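To keep things clear, I will list the structure first and then write my remarks on it.
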Amino acid sequence: MNLNNLTIKKARQGLKDKQFSSVEVVKDCLEQIKKNDLNAFITVCKEEALEQAKQADELIKAGQDLPLLGIPVAAKDIFSTKGIKTTASSKVLENYIPEYDATVITKLKDAGAIIIGKTNCDAWAHGSSGENSDFGPVKNPWNEEYVPGGSSSGSAVSVAAQMTIAATGTDTGGSIRLPASFTNTVGLKPTYGRVSRYGVIAMASSLDTIGHFTKTVEDSAIFLKVTAGQDKNDATTPPTTVPDYEKELSGNVKGLEIGVPKEYFIQGLDPRIKANIESAIKFYEENGAEIQEISLPYTDSAIACYYIIQPAEVSSNLARYDGIRFGNLRDAFGEEAKRRIMLGTFTLSVGYYDAYYKKAMKIRTLILQDFANAFKKVDAIITPTSPTMPWKFGEKIDDPLAMYLSDAFTVTANIAGIPGLTVPTGFIDGLPVGMQILAPHFSEGLLFRIGNAFEKAHDFYKHTPYES
Amino acid sequence: MNHRVIIGLEVHVELKTKSKMFCKCSADYFGQKPNTHTCPVCLGLPGALPVPNQQALEWCVQIGQALNCNIPLFSKFDRKNYFYPDLAKGYQISQYDEPFCLGGHIDINGKKFGITRVHMEEDTGKLTHESDSSLIDFNRSGVPLVEIVTEPDFDNAKDVKAYLQKLQQIVRYLGVSDADMEKGQMRLEPNISVSLDVNSKTLPKYKVEVKNINSFGFVEKAINFEIERQLEILQKGERPAQETRGWNETKNATVSQRLKEEANDYRYFPEPDIPPIRWTQTQIDSLKASIPELPDEKLARFQKEYSLSEYNAEILTREVAFANYFEEAVKVAQEKTTPQQIANQIINKKINIDEILPAELIEEILKSNQTNDLDINELKLAVKKVLKDHPQIAQDFVKGKTSVIQFAIGQVMYILKKKVDVNLVRNMILEELK
């Protein structure tokens, strides 16, 4: 058996039982990375990873038990890693080597994880397809002619293609959930502030969340237990306690009230996806959940609201890359970054601020209220993650608006700050589909419980792009 | 007067917190080796985030409270976006429309001057220009900076100087800043304009901001220079340019630095990395309660409690350390000598309070009293007798003929028939005349 195909849960068990070593797991992952030409990685930390695996094996031998001890994890190339090049997939930071680790990287290392490499993404996390990377697009392992979704493309693909056991990502408008649904992986966007943003290159600070890709919901729970919690270096992380998420995986959804928002089942939703998600919803009904149609009336304003707030913050966050200290000049910015800098600079300008930014902030409050009202009636919400199936490279690249609309179902959670989980729900014409589960702030445990119940009954994660 | 002068002030004060505004680096940067007090946050490295310094927030509020400001329970930080090589993040974290303190006032020379706002921000790095290159030192980047903005209520340089001195004294009393101008801990920016329309209630259509002023003396000179310069232009029927000028010490003049035809667009928006600050009334009240006695109150109390002249009380309360020294000495004296005598001794003998202990000072006073074998009561009696025998002294004194005191001293000396401390006698007479 290839050890790279394991889940965190199984790999930890095997390492503990000394069925295999961390060095062996890491070697199998490195081999898988080498074998496939998907452009998922910007940097592979071969030597460092093997060295850390050796150390992990010694700790295991000495009886140490840490939640991720000896487990290879890939990090989106937007997480600062001390001594390891961190580019945000932009030519601007082509040669930037951070002098510090992001909090999440520190927590992963402290939990025994091994950083196997840095994954490719849309430059500065701007994009939904992975095509905006200055270092070439990432390919979808299920069909290399198709996009894997973005912006955390390389992280999604590295997990889907069994190159690593888990990977970190960032989700500002859907950048974890969308690629998860395009690659048959589990993608978690936690509550805003649940996981520290410190050391993660900022895209839009009030929307950025730090999540991850795993093969199973169970792994996602194990991973979040490590990364979540208050950080004294991030003022937006509250002291809310971190529960033992694994304990929430009861498999039981009986009596849960699940809302299905009619605004997410509209024209423009691929009918095949509609049927797929409806059958997933049916599963919950059959297992004792109460299904209710609900309304989130401001859904159709979400993309407009998002494309005011997000570029405004982007324009400010990218100002530090002024060519004075980070090597490459501002003309090294790609098209999409330039577009967002222009948009944001415009909407924040005197005379436009009230009409754009201020109004968008008001809509943000309304969308937040939409969810608050919905969660008075239901425990959680299920929607499709994406209105469309993965598209072919180049199909939307010249039409930014079409590209932006692929986030229509995911941006709402970022605007409201609530958590969202994408769980695989099958395949259409050989390409993966995923559902999105949404819950109130800090209810990640509930998301895991709902997602895990479906996963246990369907085991879609057992399908890999390489099965015979 | 055929013209009207309008002056408002922006003053920046660096707080002396141990650490910087948004990171754990030491804020004590002066004279340190460049770029040694830095970290990812104050260098603006990718991914770094600001975490506000609670001490700085509280001190900012206390400055506002000392200036009689209203402290809103809700406040927030904003980003002020602009490019400059000394600005690590490409924006400065500041406060725009909801600062910590609003609408205060300060009383100087019997006049009331409005304080528009007091807000919190961060300092920038420091540029040094060499012949073929420029160097950046980020030690100062992120040092807490409080900006105090007045209403355009000033009409002369003298009041401005008095305001600045009072402000410096207040922040020193609060113990929140040393406000040393030589070290850049207090920076003054007057906005000056002049109108030929004496009765107009509206502000002129231009204003001139003067920067690079590092002493109270220069601020006076710069303002007077500006008034003359602008007046000359106005009298020619022209309007002075809206601009930023700098004070040039060698030329003894202001020189144009930057024309400011239109206001800069800083594209302010709420700082998403820092949650808004929500004070409770209890917090605000307890910050207010922990404000020490301020210069005005202390001055009044010294005059009342110790029967000091305004002149002496003012000198003793200029610095807290001085005032505390005086009060300590009064305590030590246990009424063996009068507060007035202690005050005179400290002021006239220019006592170095760092070298002579209050107890030593009292010992000295008592010793000199003894050698003169002078009993305070004996002196008091003599003074009373002289004033009674010569009612003319009091009458002349009231009319303002202070030279009459010299005559009175002579008379007291004559009665006592011994060499005594003239200052002591003078003060006793003044005391009795009050």
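Sequence order for the protein chains is A and B.
Using our numbering, you'd call the opening residue of the first sequence number 1 and step up by one each time.
Using our numbering, you'd call the opening residue of the second sequence number 1 and step up by one each time.
Glycine is no exception: its CB is placed at the ideal position from the N, C-alpha and C atoms.
Here the structure is a predicted model, which is why all the values come from computation and not from measurement.
Asked: Please check the pair A:ARG320 and B:LEU49, which I expect to be a contact at CB under 8 angstroms, by giving their CB distance rounded to whole angstroms.; Found: Going by Cβ atoms, the distance from A:ARG320 to B:LEU49 rounds to 13 angstroms, so no, they are not a contact pair.
Asked: Tell me the rounded alpha-carbon separation between B:GLY246 and A:LEU366.; Found: 49 angstroms
Asked: Is there a C-beta anywhere in chain B that falls below 8 angstroms from the one on A:VAL314?; Found: no
Asked: Taking a contact to mean a Cβ-Cβ separation below 8 angstroms, would you say B:GLN341 touches B:ILE356 in this structure?; Found: no
Asked: Answer yes or no: does any C-beta atom of chain B fall closer than 8 angstroms to that of A:TYR100?; Found: yes
Asked: With a cut-off of 8 angstroms, do at least 3 Cβ pairs link the stretch 452–461 of chain A to the stretch 208–219 of chain A?; Found: yes
Asked: Run the CB neighbour count on A:SER468, radius 10 Å, all protein chains shown included, and call it buried at 16 or more, exposed below.; Found: At A:SER468 the pLDDT is 47, less than 50, meaning the model places this residue with poor confidence; the figure from the coordinates comes in the next sentence. Burial call: exposed.
Asked: Considering only the alpha carbon of each residue, which of A:LEU318, A:THR168, A:LEU405 and A:LEU401 lies closest to A:SER386?; Found: A:LEU405
Asked: Do the CB positions of A:ILE8 and A:ILE165 come within less than 8 angstroms of each other?; Found: yes
Asked: Kindly list the residues whose CB is nearer than 7 angstroms to the CB of B:PHE74, restricted to its own chain and excluding five residues on each side of it in sequence; keep chain order.; Found: GLU98, PRO276 and ARG278
Asked: Considering only the beta carbon of each residue, do A:GLY150 and A:ALA40 sit closer than 8 angstroms?; Found: no
Asked: When you compare the CB of A:LEU348 with every CB in chain B, is at least one pair closer than 8 angstroms?; Found: yes
Asked: Under 8 angstroms by Cβ, that's how I've got B:ASN224 and B:ALA162 pegged, so tell me the actual separation to the nearest angstrom.; Found: Going by Cβ atoms, the distance from B:ASN224 to B:ALA162 rounds to 15 angstroms, so no, they are not a contact pair.
Asked: Which whole-angstrom value is the C-beta distance of B:GLN169 and B:PRO270, which I expect to be below 8 angstroms?; Found: Between B:PRO270 and B:GLN169 the Cβ distance is about 35 angstroms, and since that is not below 8 angstroms, they are no contact.
Asked: With which residues is A:PRO261 paired in a DSSP beta bridge?; Found: A:ILE294
Asked: Just curious, the alpha helix (DSSP H) that A:HIS458 is in, first and last residue?; Found: 444–458
Asked: Beta-carbon of A:GLY199 versus every beta-carbon of chain B: anything under 8 angstroms?; Found: yes
Asked: Using CA coordinates, which residue listed in A:THR412, A:THR191 and A:ASN252 is at the minimum distance from A:PRO297?; Found: A:THR412
Asked: Does B:ARG278 have its Cβ less than 8 angstroms from a Cβ in chain A?; Found: no
Asked: Residues in the stretch 96–113 of chain B with C-beta within 7 angstroms of chain A's C-beta atoms, listed in sequence order?; Found: none
Asked: Which residues, taken in chain order from the stretch 81–92 of chain B, show a beta carbon closer than 7 angstroms to some beta carbon of chain A?; Found: ASN81, PHE83, PRO85, ALA88, LYS89, GLY90 and TYR91
Asked: Cutting at 7 angstroms between CB atoms, please list the residues of its own chain near B:GLN411, excluding the five before and the five after it.; Found: VAL386 and HIS390
Asked: What residues in the stretch 235–251 of chain A bring their beta carbon closer than 7 angstroms to a beta carbon of chain B?; Found: ALA235 and THR236
Asked: What does B:GLY125 reach in chain A if we use C-beta pairs closer than 8 angstroms?; Found: Result: empty, since nearest Cβ-Cβ is about 11 angstroms, beyond 8 angstroms.
Asked: By how many angstroms is the C-alpha of B:GLU310 removed from the C-alpha of A:TYR100?; Found: 59 angstroms
Asked: Please report the residue range of the alpha helix (DSSP H) in which A:ARG330 lies.; Found: Run containing A:ARG330: none; DSSP gives neither H nor E here.
Asked: Is it true that the stretch 10–30 of chain A meets the stretch 80–97 of chain A, where meeting means three or more beta-carbon pairs spaced less than 8 angstroms apart?; Found: no
Asked: Beta-carbon of B:VAL51 versus every beta-carbon of chain A: anything under 8 angstroms?; Found: yes
Asked: Nearest to A:THR237 by alpha carbon, out of A:ASP354, A:TRP124 and A:GLY417?; Found: A:GLY417
Asked: Report all residues from its chain with a CB closer than 7 angstroms to the CB of A:GLU272; omit the five preceding and five following residues, and keep chain order.; Found: The residue asked about is misnamed: residue 272 of chain A is Arg in this sequence, not Glu. The answer, listed in chain order, is ILE428.
Asked: Report whether the distance from the Cβ of B:ILE233 to the nearest heavy atom of the ligand COA is below 7 angstroms.; Found: With respect to the ligand COA, the structure offers nothing, as it holds no ligand at all.
Asked: Three or more beta-carbon pairs under 8 angstroms between the stretch 181–188 of chain B and the stretch 214–229 of chain B, yes or no?; Found: yes
Asked: So, do the stretch 164–182 of chain B and the stretch 431–449 of chain A have three or more beta carbon pairs nearer to each other than 8 angstroms?; Found: no
Asked: From this set, B:LEU416, B:GLY142, B:LYS158 and B:LEU308, which residue's C-alpha is nearest B:ALA343's C-alpha?; Found: B:LEU308
Asked: What first and last residue would you give for the alpha helix (DSSP H) that runs through B:LEU9?; Found: Element bounds for B:LEU9: not the alpha helix (DSSP H) but the beta strand (DSSP E), 4–14.
Asked: For A:ASP134, collect the residues of the same chain with a Cβ closer than 7 angstroms to its Cβ; drop the 5 residues on either side in sequence, then sort them by chain order.; Found: SER89, SER90, LYS91, ALA123 and GLY334
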